[in-house]
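Below is one structure, written out as structure tokens, with a few remarks after it.
In the working numbering, the protein residues as written are 4 to 307.
As structure tokens, then:
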């Protein structure tokens, strides 16, 4: 080792190499601050007699008291000040939220519309077949249950509902558009002649309440509609309904409010109409396209 290099100088050389690598990753302002801090540290060591290796050369300028105060102030502010990238990111998030809110508003208030030829409803009666099991069901009682299903679910969802909770209703039927493989299942082909489509759900439900009221019975206290992926604890439902008057127009269910000011009950979870409500629907609303307009969404259309 050359005599002009002692152990301290070697140590400082290695540290200097590491520091230069780190310095390359810093911004120009931070580099300047760090260099001044290094210079001040070396100056303090030299002032205490620790010596300074020749390879570092002389220090032409050291920070004054005012500069040191400025560095301390600037460094503290720089650490707390959000970066430009962060501000842009926050701004981008806020803009995205605004755009999504605007699009959601358009989706809600400008949803697709549909139209049904209501004059054809009586013509559908010729396609309705009622199974012997359904014809044996009572025509009066506390609760009438009808479940909307389709042929693709006859051997799965519909079968499971028939084997579990449907028979606990006073009158429980499956409404579909095709024949089941067994007449032991209580069903009616109320939807025969109506294509299975999401856009026909309101048409189906509206027509189902019409068919029930005019061709099955208007003497039940309560009428429940459910989908074929719904499980109902019928005993609890009956207990709840026993405290209400069916002669008052009730429309019961899980209320949502995206489309209608007064809300509507979610169709997927099922909803219940009192005898008085079913009467109003059929005798005052069913044929009135102003009070009961067509809607692409079944639960929204019923909720009007």
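C-beta: ideal position from N, C-alpha, C; glycine also.
Practice task
Report yes or no: do three or more beta-carbon pairs, one from the segment 161-176 and one from the segment 246-260, lie closer than 8 angstroms?
Solution key: no
Practice task
Just confirm the distance between the C-beta atoms of residue 143 and residue 220, as a whole number of angstroms; I'd bet it's less than 8 angstroms.
Solution key: Taking the first residue of the chain shown as 1, we reach residue 143 at position 140. Taking the first residue of the chain shown as 1, we reach residue 220 at position 217. At roughly 6 angstroms, the Cβ-Cβ gap stays under 8 angstroms, so residue 143 and residue 220 are in contact.
Problem - residue 215 classed as buried or exposed, judged by whether at least 16 other C-beta atoms fall within 10 angstroms - result: In the chain shown, residue 215 corresponds to position 212, counting from 1. Buried, since its Cβ has 16 or more Cβ neighbours within 10 Å.
Exercise for the section: Count the C-beta pairs between the segment 179-196 and the segment 124-131 that are closer than 8 angstroms, then say yes if the count reaches three, no if not. Expected result: Touching, per the Cβ criterion.
Exercise for the section: Find the nearest neighbour of residue 272 within the set 97, 138, 233, 287, judged by alpha-carbon distance. Expected result: For the purposes of this step, residue 272 is taken as the residue at position 269 of the chain shown. For the residues 97, 138, 233, 287, the minimum Cα distance to residue 272 belongs to 233.
Handout entry: Whole-angstrom distance between residue 211 and residue 126, CA atom to CA atom
Key = The residue you call residue 126 lines up with position 123 of the chain shown. The residue you call residue 211 lines up with position 208 of the chain shown. Rounded to whole angstroms, residue 126 to residue 211 spans 14 angstroms at the Cα level.
Exercise for the section: Compare the C-alpha of residue 227 against each of 204, 169, 162 and name the closest. Expected result: Working through the chain shown from its first residue, we reach residue 227 at position 224. The shortest C-alpha separation from residue 227 is found at 169.
Handout entry: Same chain only: Cβ atoms within 6 angstroms of residue 165, ignoring 5 sequence neighbours per side
Key = In the chain shown, the residue the question calls residue 165 occupies position 162. Excluding residues within five positions, the ones whose Cβ falls inside 6 angstroms are 188.
Handout entry: Cutoff 6 angstroms; reference residue 148; Cβ partners in own chain excluding five residues on either side
Key = Along the chain shown, read from residue 1 onward, the residue named residue 148 stands at position 145. Around residue 148: 172, 175, 227.
Practice task
Sort 102, 200, 243 by Cα distance to residue 224 and report the nearest one.
Solution key: By one-based count along the chain shown, residue 224 stands at place 221. Here the closest residue by C-alpha is 243.
Problem - Where residue 276 sits in the DSSP three-state scheme - result: Translated into the one-based positions of the chain shown, residue 276 becomes position 273. DSSP places residue 276 in strand when its eight states are reduced to three.
Exercise for the section: Could you tell me which of 162, 280, 247, 186 sits nearest to residue 230, measuring between CA atoms? Expected result: By 1-based counting over the chain shown, the position of residue 230 is 227. Residue 230 has its Cα closest to that of 162, out of 162, 280, 247, 186.
Practice task
Could you please give the first and the last residue of the uninterrupted beta strand (DSSP E) stretch that includes residue 228?
Solution key: Within the chain shown, numbered from 1, the residue matching residue 228 stands at position 225. Counting along the chain, the beta strand (DSSP E) containing residue 228 begins and ends at 223-230.
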